[in-house]
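Here's the structure we're looking at; comments come further down.
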Amino acid sequence: MSSNPLLDELTTREYAHGFVTAIESDVIPAGLNEDVIRLISKKKNEPPFMLEWRLKAYRHWLTMEEPTWAKVHYPPIDYQKIIYYSAPKSAEGAPRSLAEVDPELLAMYEKLGVPLKEREILAGVAVDAVIDSVSVATTFKAKLAEVGIIFCSFSEAVLNHPDLVKKYLGTVVPYSDNFFATLNSAVFSDGSFCWIPKGVRCPMELSTYFRINQADTGQFERTLIVAEEGAFVSYLEGCTAPKRDTNQLHAAVVELIALDNAQIKYSTVQNWYPGDKQGRGGIYNFVTKRGKCLGKRSRISWTQVETGSAITWKYPSCILMGDDSVGEFYSVALANNYQQADTGTKMIHIGKRTKSTIVSKGISAGHGENTYRGAVKILKSADGARNYSQCDSLLIGDQCAAHTFPYIEVKNSSATLEHEASTSKIGEDQLFYCMQRGLSAEDAVSMIVNGFAKRVIRELPMEFAVEAQKLLGVSLEGAVG
Amino acid sequence: MKSLLEIHDLHVAIEEDGHEILKGIDLTIRPGEVHAVMGPNGSGKSTLAYVLAGRPGYVVTKGSVLFEGRNLLEMPPEARAREGIFLAFQYPVEIPGVSNTAFLKTAVNAVRKHRGLPELDAIDFLALLDEKAKLVEMDEALLNRSVNEGFSGGEKKRNEILQMAVLDPRLAVLDETDSGLDIDALRIAAGGVNALRNGERGILVITHYQRLLNYIVPDYVHVLFGGRIVKSGDRQLAHLLEEKGYGWIEKDVVSAAAPVS
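Sequence lines, in order, name chains X and R.
Offset between the first sequence (1-based) and the numbering used here: plus 1194.
Offset between the second sequence (1-based) and the numbering used here: plus 20.
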């Protein structure tokens, strides 16, 4: 008998919800047990290998404990109170028109210049507004199919490309990786799958935006991107406009695999609901993102602009296995009001002459807490490995905080590592200087912050960069009096 | 003639400790006039410049400042800038990652918007910038660098004059523009200022040394001492100061304040 009361409850409750009755319903009651996982798998018509994998993950999850090492604070999460499957998305409780939507959210859309039609979709208005985007997505898919690229929802991939999924799933983030990734592996709802065949350069930026309106990917999203030899893909995740979402816990997993000479560029703009000015509500964004440079001279770049969520716990990492492979991490994380961000990266150098670059820009305002946590590991085999790290923090006001935890582990003496760090404060002097030239305080802050984040913003695809700049400004409104 | 700036009995204290710096300033600047305010260190020269521009940290305890007939002290700093008050900083501030050009374009358009003028697009703005850059012999490379970052002292001051030229203010306040400049840089900066002299614009030159006034020849010279203007005159006053030093003023003021009993 286990001494863990939660475990006890789980194991004794295992069959409490009758499997047969539950399958009649579209919403599985809150709580997690093996039946729930079987049911999720069944609803999705998954092949046995997928169910087996989910169950392995679930059983492992039961032995794990929620990590506490991150510099974030939140009340304990009751995992038995979460609904792990609900489809189709219930329109109940959703606003019926924009008039019913939180005016602050609408004001934000206005400032970001989100087209009217999209505002309804983003705000979760219960109207059938997806027709346009479905047709856009269809033409888009046809164009990709021409060059042999597979880009579809994860569920579709499991059904239509089981061999590819089987071959790569969990090879970067194993089901046993960490508490949140393991939970995701057991219950993931949906996500994206992308496979770029050998030698193909993806002709457009792939964006979840084209897909997300078709399927409600929910809180346990899973993404798998594979670039075969010599392939190239630039993938955009997220949206600058905040999405209405009632799920508080988000535990996504992203796996990237790059074979010989392949390159994957993964860009994220994350703007989930950060909670109100007093820190009530807001999304917990506990994400595991990792890329594997499996092939020689392969390259994986993570670029992220994180402005949303009450708590961000996220370390997009690179495992540099192939000789001469390159890993990059460019990040801007902003924590305003009572937001907490604990983010950074891990660069694990295994192959010879592997190279990594880390540029992290943390912005703290209000009572925000921003932590950079990064690890650079040079293993014994990584002759001539190089790393360059730069971690800068910008403080706005005197109630916020910035922390930096860079871990470095070097087992090969031929490695070269450079680390630069700085902390600065938006000074009265800078603000006054800008205002003396006619800029409003808000424009001045936005300009100073964008200047600070420029090195990262310029890594984003053009149209995303413009939006991200606006977003940084909007997210800091009211940060200076 | 109507006055551009009217300062009347202005008293200013440091917000933090209440220490009074300006103790009753009276000064009137009419359009087209160049006034120089000279004074020893600690006399309140920079405070005067900052208060006119609306820098936080100071409290006006008494007196008034009218700009084109309106109460300047009620306006927030950005409104003063948009209305046409320009301060060339003694210590120009660095803004990393923000290009000089982008910064100036944003500023120009904020001012133009306020004045009901259409915003300049990139092409028109660059043409304007190019024209004004020649005025202060500004290297094009500096326009694309981050605002003041890594600029030499002279480049920073020239950049201030460039901004002034582009923003076309009604009243320009130059706070110790000569400090830290060698003679060539001084000549270029002064040349830029002189090119901007016209019948409409008022210029207030704040300086410790008379040297700058050889290049920017003022219509009036005022001596600031202990928070008050203790002497006013034409440019001859500046020469007199150069000759006799501030000690001369000090003796004068002290003997006036404390008559022999």
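Backbone N, C-alpha and C define an ideal beta-carbon position, used for all residues, glycine too.
By the three-class DSSP mapping on this structure, what secondary structure does residue i have?
| i | result |
| --- | --- |
| Thr121/R | helix |
| Asn1564/X | strand |
| Phe245/R | strand |
| Cys1346/X | strand |
| Tyr1429/X | strand |
| Thr1376/X | helix |
| Gln1630/X | helix |
| Ile1325/X | Reliability of the predicted coordinates at Ile1325/X is poor, the pLDDT of 34 falling under 50, and the value obtained from them is presented with this limitation in mind. DSSP places Ile1325/X in helix when its eight states are reduced to three. |
| Tyr229/R | coil |
| Asp1384/X | strand |
| Ile208/R | helix |
| Trp1255/X | helix |
| Gln1408/X | Confidence in Gln1408/X is poor, its pLDDT being 37 and thus under 50, which makes the residue's placement unreliable; the coordinate value appears in the next sentence. Looking at Gln1408/X - three-state DSSP - the assignment turns out to be coil, as it is neither helix nor strand. |
| Lys1619/X | strand |
| Arg1493/X | strand |
| Glu1422/X | coil |
| Pro1242/X | helix |
| Leu1201/X | Because the pLDDT of Leu1201/X is 38, which lies under 50, any placement of that residue in the model is unreliable, and the number read from its coordinates should be weighed accordingly. It is helical. |
| Arg1669/X | It is Ser, not Arg, that sits at residue 1669/X in the sequence shown. It is helical. |
| Leu93/R | helix |
| Glu282/R | Lying outside 21 to 281, the shown extent of chain R, residue 282/R is not represented and no answer is given. |
| Ile1231/X | helix |
| Thr1506/X | strand |
Of the choices the options, whose alpha-carbon is the least far from that of residue i?
| i | options | result |
| --- | --- | --- |
| Gly267/R | Ser166/R, Ser63/R and His55/R | Ser63/R |
| Tyr235/R | Leu140/R, Val225/R and Gly174/R | Val225/R |
| Lys152/R | Ser66/R, Gly212/R, Glu35/R and Ile49/R | Gly212/R |
| Phe1523/X | Ser1583/X, Phe1387/X, Val1481/X and Gln1442/X | Ser1583/X |
| Lys1143/X | Leu1245/X, Cys1396/X and Gly1473/X | Nothing in the structure corresponds to residue 1143/X, since chain X is present only between 1195 and 1675. |
| Gly219/R | Pro189/R, Leu232/R and Asp195/R | Pro189/R |
| Cys1512/X | Ile1451/X, Pro1600/X and Ser1347/X | Ile1451/X |
| Gly173/R | Leu30/R, Arg135/R, Ala205/R and Thr81/R | Ala205/R |
| Asp1586/X | Glu1422/X, Gln1593/X, Asp1592/X and Phe1599/X | Phe1599/X |
Could you compute how far the alpha carbon of residue i sits from the alpha carbon of residue j?
| i | j | result |
| --- | --- | --- |
| Thr1501/X | Val243/R | 53 Å |
| Asn1564/X | Thr1376/X | 26 Å |
| Met1258/X | Asn1372/X | 8 Å |
| Gly77/R | Pro112/R | 18 Å |
| Ala1224/X | Ile1276/X | 5 Å |
| Thr1539/X | Phe1414/X | 21 Å |
| Val1420/X | Ile1458/X | 8 Å |
| Ala1569/X | Ile1542/X | 8 Å |
| Glu53/R | Ala161/R | 34 Å |
| Gln1533/X | Ala1264/X | 14 Å |
| Pro1468/X | Leu1665/X | 13 Å |
| Lys22/R | Pro51/R | 8 Å |
| Ile1477/X | His1267/X | 13 Å |
| Ala1595/X | Ser1525/X | 17 Å |
| Ala1638/X | Ile1557/X | 15 Å |
Are the Cβ atoms of residue i and residue j separated by less than 8 Å?
| i | j | result |
| --- | --- | --- |
| Ala56/R | Val241/R | yes |
| Leu42/R | Gly247/R | yes |
| Thr121/R | Asn164/R | yes |
| Thr1690/X | Val1394/X | Chain X is shown only over 1195 to 1675; residue 1690/X falls outside these bounds and no answer can be derived. |
| Val156/R | Ile208/R | yes |
| Lys1619/X | Leu1589/X | yes |
| Tyr1278/X | Val1381/X | yes |
| Ile115/R | Phe123/R | yes |
| Gly1194/X | Val1463/X | One cannot answer for residue 1194/X here, as it falls past the ends of chain X, which runs 1195 to 1675. |
| Lys1571/X | Asn1606/X | no |
| Ala1529/X | Gly1562/X | yes |
| Ala1662/X | Arg1652/X | no |
| Arg1491/X | Asp1470/X | no |
| Gly1364/X | Trp1247/X | yes |
| Asn1531/X | Ala1446/X | no |
| His28/R | Ser84/R | yes |
Please find out if some non-hydrogen atom of the ligand MG comes closer than 7 Å to the beta-carbon of residue i.
| i | result |
| --- | --- |
| Glu262/R | Among the components of this structure there are no ligands whatsoever, and the ligand MG is therefore not found. |
Where the segment 102 to 127 of chain R meets chain A: residues whose CB sits under 9 Å from a CB there = Within the model displayed, chain A is absent; protein chains X and R are what it includes.
ask   = Any residues in the segment 181 to 213 of chain R with a beta carbon nearer than 9 Å to a beta carbon of chain X? Which ones, in chain order?
value = Of all residues in the segment 181 to 213 of chain R, only Gln183 and Leu187 come within less than 9 Å of chain X when Cβ atoms are compared, listed by chain position.
message = For the segment 75 to 100 of chain R, list every residue whose C-beta sits within 7 Å of some C-beta in chain X, in sequence order.
response = Answer in chain order: Arg75, Pro76, Pro97 and Glu98.
message = Which residues of the segment 1465 to 1493 of chain X have a Cβ closer than 8 Å to any Cβ of chain R? Give them in chain order.
response = Per Cβ criterion, the list is empty.
Members of the segment 1607 to 1623 of chain X that neighbour chain R once the beta carbon cut-off is set at 9 Å = Listed by position along the chain: Ser1618, Gly1621, Glu1622 and Asp1623.
Residues of the segment 1628 to 1639 of chain X with Cβ closer than 9 Å to any Cβ of chain R, in chain order = If the cut-off is 9 Å between Cβ atoms, the segment 1628 to 1639 of chain X has Cys1628, Met1629, Gln1630, Arg1631, Gly1632, Leu1633, Ser1634, Ala1635, Asp1637 and Ala1638 near chain R.
task = Please name the residues in the segment 1640 to 1669 of chain X whose beta-carbon is closer than 8 Å to at least one beta-carbon of chain R, in chain order.
result = For the segment 1640 to 1669 of chain X, which is checked against every Cβ of chain R, the residues closer than 8 Å are Met1641, Ile1642, Asn1644, Gly1645, Phe1646, Ala1647, Lys1648 and Arg1649.
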